[in-house]
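**Q** Just so we're aligned: 438 in full-length UniProt numbering is position 438 of the sequence shown, and the numbers increase by one with no gaps anywhere. Here a beta-carbon is modelled for each residue, glycine too, at the ideal position from N, C-alpha and C. Every value quoted in this text rests on a predicted model; they were computed, and no experiment measured them. The structure's right below; bear with me while I get my questions together.
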Amino acid sequence: MKPLDSKLGRDLWRVKGQALAIVLVIAFGVMMMVMMDGLVNSLGETKRTYYERYRLADLFAPVKRSPRHVLDEIVELPGISAVQGRINGAALISLPDQAVPVRAQAVSLPEFGSPRLNDFYLASGRPLNPSHRDEILLLEAFAHAHNLQPGDSLSATMNGARRRFHIVGLAQAPEFLYTTAPGELVPDDARFAVIWMNEEALAAAFDMDGAFNEALISLARDARPQAVIDSLDRLLAPYGATGAYGLEDHLSDRFISEEIAGLRVSSRTVPPIFLSVAAFLLYIVISRMVQAEREQIGLLKAFGYTSLEVGLHYFKFVLVIALTGALLGCALGMLAGRGLSGFYQLYYKFPFLLFRVDPAAFVTGFTVSVLTASAGGVLVLRRVFALTPADAMRPPTPPNFSQTISFGPGLRKWLDQPTRMVLRNMIRQPLRGLLAILGIALGMALSVAMLSLMSAFDRTLDLSFGVLDRSDVTVTFVEPLGDKTLFALKRMKGVIEVEPFRTVAAVMHNGRQHYRGAVTALTEKPRLFRALDSSLQAIPLPENGIVLSTALAGELDLKAGQKMILDVREGRRPTLEVSVAGLADTLMGAPAYMQLETLNRLMKEPNRVSGAYLRIDSSQGQQLYRRLKDMPVVAGVSLQQDSRRAFKKVMDTGAGAMRYVMALIAAVITFGIVYNSARIAFAERARDLASLRVIGLTRTETGFVLLGELGLITLLALPLGAALGYYFSLAVAAGFSTDLYRVPTEFSPASYGTAALAVLLAATLSGALVKRDINRLDLVSALKTRE
Numbered sequence: 001m002k003p004l005d006s007k008l009g010r011d012l013w014r015v016k017g018q019a020l021a022i023v024l025v026i027a028f029g030v031m032m033m034v035m036m037d038g039l040v041n042s043l044g045e046t047k048r049t050y051y052e053r054y055r056l057a058d059l060f061a062p063v064k065r066s067p068r069h070v071l072d073e074i075v076e077l078p079g080i081s082a083v084q085g086r087i088n089g090a091a092l093i094s095l096p097d098q099a100v101p102v103r104a105q106a107v108s109l110p111e112f113g114s115p116r117l118n119d120f121y122l123a124s125g126r127p128l129n130p131s132h133r134d135e136i137l138l139l140e141a142f143a144h145a146h147n148l149q150p151g152d153s154l155s156a157t158m159n160g161a162r163r164r165f166h167i168v169g170l171a172q173a174p175e176f177l178y179t180t181a182p183g184e185l186v187p188d189d190a191r192f193a194v195i196w197m198n199e200e201a202l203a204a205a206f207d208m209d210g211a212f213n214e215a216l217i218s219l220a221r222d223a224r225p226q227a228v229i230d231s232l233d234r235l236l237a238p239y240g241a242t243g244a245y246g247l248e249d250h251l252s253d254r255f256i257s258e259e260i261a262g263l264r265v266s267s268r269t270v271p272p273i274f275l276s277v278a279a280f281l282l283y284i285v286i287s288r289m290v291q292a293e294r295e296q297i298g299l300l301k302a303f304g305y306t307s308l309e310v311g312l313h314y315f316k317f318v319l320v321i322a323l324t325g326a327l328l329g330c331a332l333g334m335l336a337g338r339g340l341s342g343f344y345q346l347y348y349k350f351p352f353l354l355f356r357v358d359p360a361a362f363v364t365g366f367t368v369s370v371l372t373a374s375a376g377g378v379l380v381l382r383r384v385f386a387l388t389p390a391d392a393m394r395p396p397t398p399p400n401f402s403q404t405i406s407f408g409p410g411l412r413k414w415l416d417q418p419t420r421m422v423l424r425n426m427i428r429q430p431l432r433g434l435l436a437i438l439g440i441a442l443g444m445a446l447s448v449a450m451l452s453l454m455s456a457f458d459r460t461l462d463l464s465f466g467v468l469d470r471s472d473v474t475v476t477f478v479e480p481l482g483d484k485t486l487f488a489l490k491r492m493k494g495v496i497e498v499e500p501f502r503t504v505a506a507v508m509h510n511g512r513q514h515y516r517g518a519v520t521a522l523t524e525k526p527r528l529f530r531a532l533d534s535s536l537q538a539i540p541l542p543e544n545g546i547v548l549s550t551a552l553a554g555e556l557d558l559k560a561g562q563k564m565i566l567d568v569r570e571g572r573r574p575t576l577e578v579s580v581a582g583l584a585d586t587l588m589g590a591p592a593y594m595q596l597e598t599l600n601r602l603m604k605e606p607n608r609v610s611g612a613y614l615r616i617d618s619s620q621g622q623q624l625y626r627r628l629k630d631m632p633v634v635a636g637v638s639l640q641q642d643s644r645r646a647f648k649k650v651m652d653t654g655a656g657a658m659r660y661v662m663a664l665i666a667a668v669i670t671f672g673i674v675y676n677s678a679r680i681a682f683a684e685r686a687r688d689l690a691s692l693r694v695i696g697l698t699r700t701e702t703g704f705v706l707l708g709e710l711g712l713i714t715l716l717a718l719p720l721g722a723a724l725g726y727y728f729s730l731a732v733a734a735g736f737s738t739d740l741y742r743v744p745t746e747f748s749p750a751s752y753g754t755a756a757l758a759v760l761l762a763a764t765l766s767g768a769l770v771k772r773d774i775n776r777l778d779l780v781s782a783l784k785t786r787e
């Protein structure tokens, strides 16, 4: 083994504590990169495979009612390779353990064979028997939420008639990866079901004999989707078409695509922060090492080693740490990715999940970690090349202590000798103290960012279900109804307040930008469900114009005062030019709001509502729910407490579980940074501490000289860490936000206080470990001149 390689091994062992801390910082940065890349590739690959295997349609064309012979005309349109008509209907399921009726979507299946498009995966049980009209397949997630199995029965109301059905199988389908009830954004397996039935049975229930109300289309390879959509809309317009749309506008695909996009952005935002911290720590360690080994560098050059050879020796030190961290990070990334993929499989109801990490992720992780770490080392290696043997073997010029602090009699009365030594050392070497402060501040900033992310999810929960929506119950009707139904709701026992709303499907245009969504019409000054500005103040809805959410305005590139085209896709289907009257600050979805009277006037349908928000007397809740369940005009009843619970579950066990992983990583890195700073300070001053012991200071006094400085540096780092944490939080929040979900930047005192406490605990533990080394210090070895 070459002498320099032997020295490298001894140096690594001597600074094993600092090296291990830096290795962990690099490893966690690479782990985040590999883990997120693995999840992005796995979700994308699984989604593509699932879609292809079960033939998910490229286009969806809902209509009011169309005869089946129209399917022959659709398949003749240019760009279409396959088409299938089916029946889609809304249902209400009555369960003994549920006071509130559960909304369901009933989907028809061909009498014989598998569907040509939008096939399903039979998880358990058997297929439907065409001769038995009372048999159904039930969505597996809903069945598990209510402990339903093949062989059980349930009651469902379809088109106003209640029927009893027998469950013969449990199924999953690619179009129902993300299942939400109409009008809601948060999935809840217990509150929304999908029922598959024989086509003949479902046609009889919804009076669709010889007809369909949704066409599924598969595109040819050379097809232009928008041109096909335009052709479909023209062909199906006489049959009450609400507008064909592509897979990218399908709610389930949109959410999972946004999740993948959010992970991709996060993988490019968060890991570089960790790796930058690692580069800074390596810079400190290698610079202190070169400064402490000036004489050894001079001797090596005097014995014939070139500057390049000596420089490469120290560069190897950096590479060993960087490569070790990268290898450990890749291994941890694979393990963490496989673990989190299980969460995503349950969350999105994949029947399988193909976890695959692109080899490019490992290459990227290695390259980024090595380059980032090398950047810190290269800055220091310039000193190695600049040192000549004569200068290096000569002791460095003593610092100029002539301009230093003077402790007068008053200060000396309150400050003992060790305390004055701590203050003098920090003032005489300000750069070293500033670098240590910056290192600890970076650790605290990481903790602040991760804790702020956790607080942001809690803030979203409180705003969405306490400030924005202040109702207790949301009732939706099977179709827009008149004021008479509202009066019936107001007369019900237990109802305190009723606030109507109307929701219409629409496509919003601004030039080439468009967004398929819905417009929610509220009263002029709503109380139970409100549009809020950035100051959380209610926005009075104007008599003319529309209020867009900030997310939707960004999607359409619109500002207040500009005009847009509103293409309503129901009723008389008017195309309207409206002015953007204001912007609402929303965290979930991309809603648009109008005044109820204005929308009804523009649609020429006065006094029509889609549902109502209720504030109720909770003691009368159960009786009220039973009465609502028996109303034929009610399509669904949603309780705010259930929506809040479902959202919290998603944040704790679904996609939001990533925040706990990142918070744990930030805590470990924070300790590593603080411990590294303490170890560096001890390594630099071991000789000075031994000298203090020799001249008579006790172990406690000697330890205070070092640990007192560490404590003062830690306290000074706290305000800087809080300031850096603000900007780190902005970067992390931007990385986790998507077009359909915005993570607020929540800077709560608890986040800063917890981060500061974590730093202080890390400093205390690090100080205890270093104090043990001070007590074990070999005075003779520490005072020897190193050669």
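DSSP on Ser124, reduced to helix/strand/coil?
**A** Strand.
**Q** State the start and end residues of the unbroken beta strand (DSSP E) segment that holds Ser72.
**A** It is worth fixing the name first, because residue 72 is Asp in this sequence and not Ser. Element bounds for Asp72: not the beta strand (DSSP E) but the alpha helix (DSSP H), 70-75.
**Q** Does the segment 310-327 come into contact with the segment 41-59, if we say contact requires no fewer than three beta-carbon pairs (one atom in each stretch) closer than 8 Å?
**A** With the cut-off at 8 Å, the segment 310-327 and the segment 41-59 do not touch.
**Q** Helix, strand or coil for Lys563 per DSSP?
**A** Note: Lys563 maps to strand in three-state DSSP.
**Q** On a CA-only basis, which of Pro500, Leu236, Asp97 is nearest Thr476? Give me that one, please.
**A** Nearest C-alpha to Thr476: Pro500.
**Q** What number of angstroms, rounded off, separates the C-alpha of Gly554 from the C-alpha of Gly582?
**A** One C-alpha to the other measures close to 13 Å.
**Q** Output yes or no for whether 8 Å exceeds the beta carbon distance between Ser471 and Arg569.
**A** Taking 8 Å as the Cβ cut-off, Ser471 and Arg569 do not qualify as a contacting pair.
**Q** Can you tell me whether DSSP reads Asn213 as helix, strand or coil?
**A** In this structure, Asn213 counts as strand in the three-state DSSP scheme.
**Q** Should the segment 340-352 be called in touch with the segment 273-288, which here means at least 3 C-beta pairs below 8 Å?
**A** Flag = no, the segment 340-352 and the segment 273-288 do not touch.
**Q** Three-state secondary structure (DSSP) at Leu541?
**A** Coil.
**Q** First and last residue of the beta strand (DSSP E) that includes Thr49?
**A** No beta strand (DSSP E) contains Thr49, which is instead part of the alpha helix (DSSP H) from 16-53.
**Q** What is the residue span of the alpha helix (DSSP H) that Thr764 lies within?
**A** Start and end: 749-775.
**Q** Tell me the rounded alpha-carbon separation between Gly636 and Lys490.
**A** Using only the alpha carbons, I get a separation of about 17 Å.
**Q** Touch check for the segment 533-541 and the segment 576-595: three-plus C-beta pairs under 8 Å?
**A** Touching, yes, given that three or more Cβ pairs across the two stretches are closer than 8 Å.
**Q** Rounded to the nearest angstrom, what separates Leu81 and Gln105 at their Cα positions?
**A** Position check: residue 81 holds Ser in this sequence, whereas Leu was assumed. Their backbone Cα atoms lie some 27 Å apart in a straight line.
**Q** Distance, Cα to Cα, Asn607 vs Arg601?
**A** Spanning the two alpha carbons is a distance of roughly 9 Å.
**Q** Going by CA-CA distance only, name the one from Pro3, Ala667, Asn544 that's closest to Phe303.
**A** When each option's Cα is compared against that of Phe303, the closest is Pro3.
**Q** Which complete alpha helix (DSSP H) runs does the segment 588-628 hold, if anything under 4 residues is left out?
**A** Whole alpha helix (DSSP H) segments, 4+ residues: 596-602.
**Q** Which residues in the same chain have their Cβ closer than 6 Å to the Cβ of Val504, if we skip the five residues on either side of it in sequence?
**A** Only Val519, Val568, Glu570 meet the Cβ criterion.
**Q** One question on the structure: do Asn213 and Leu128 come within less than 8 Å of each other, judged by their Cβ atoms?
**A** Cβ atoms of Asn213 and Leu128: not closer than 8 Å.
**Q** Secondary structure at Ala505, three-state DSSP: helix, strand or coil?
**A** Here Ala505 sits in strand by DSSP.
**Q** Measuring only the C-alpha atoms, how far is Asp97 from Gly151?
**A** About 18 Å.
**Q** Given 8 Å as the limit, is there contact between the segment 12-25 and the segment 667-686, that is, 3 or more CB pairs closer than that?
**A** At 8 Å Cβ cutoff, the stretches touch.
**Q** Touching or not, the segment 239-254 and the segment 111-122, by the rule of three or more beta carbon pairs under 8 Å?
**A** Segments in contact, no.
**Q** I'd like the span of the alpha helix (DSSP H) that includes Ser231, first residue to last.
**A** Taken as a continuous stretch (DSSP letters only), the alpha helix (DSSP H) holding Ser231 covers 225-236.
**Q** Could you give the residue range of the beta strand (DSSP E) that holds Glu135?
**A** Counting along the chain, the beta strand (DSSP E) containing Glu135 begins and ends at 135-139.
**Q** Which first and last residues belong to the alpha helix (DSSP H) in which Pro744 is found?
**A** Note, Pro744: premise wrong, no alpha helix (DSSP H); not H, not E.
**Q** Please confirm whether Met31 and Leu263 have their CB atoms less than 8 Å apart.
**A** No, Cβ-Cβ distance for Met31 and Leu263 is not below 8 Å.
**Q** Buried or exposed: which applies to Ile286, given that a residue is buried once 16 or more other Cβ atoms fall within 10 Å of its Cβ?
**A** The residue in question, Ile286, is buried, as its Cβ has 16 or more Cβ neighbours within 10 Å.
**Q** Going by C-alpha distance, which of Asp773, Phe747, Leu624 is nearest Thr474?
**A** With distances taken between Cα atoms, Thr474 lies closest to Leu624.
**Q** At the level of alpha carbons, what is the spacing between Ala763 and Ser691?
**A** Near 25 Å, if we compare the C-alpha coordinates of Ser691 and Ala763.
**Q** In chain order, what residues of the same chain lie with their CB nearer than 6 Å to the CB of Leu180, ignoring the 5 residues before and after it?
**A** Correcting the residue type first, residue 180 is Thr in the shown sequence and not Leu. So the qualifying residues of the chain are Pro187.
**Q** Might you give, ordered along the chain, the residues of its own chain that have their beta carbon closer than 7 Å to the beta carbon of Asp773, omitting 5 neighbours on each side?
**A** For Asp773, where only same-chain residues beyond five positions count, the Cβ hits under 7 Å are Phe682.
**Q** Alpha helix (DSSP H) containing Ser638: first to last residue?
**A** First-last for Ser638: 634-639, but that is the beta strand (DSSP E), not the alpha helix (DSSP H).
**Q** Please determine if the segment 703-721 and the segment 431-442 are in contact, where contact requires at least 3 C-beta pairs separated by less than 8 Å.
**A** The segment 703-721 is in contact with the segment 431-442.
**Q** Taking Asp209 as the reference, give the member of Arg432, Ser549, Pro67 with the closest Cα.
**A** It is Pro67 whose Cα lies nearest to the Cα of Asp209.
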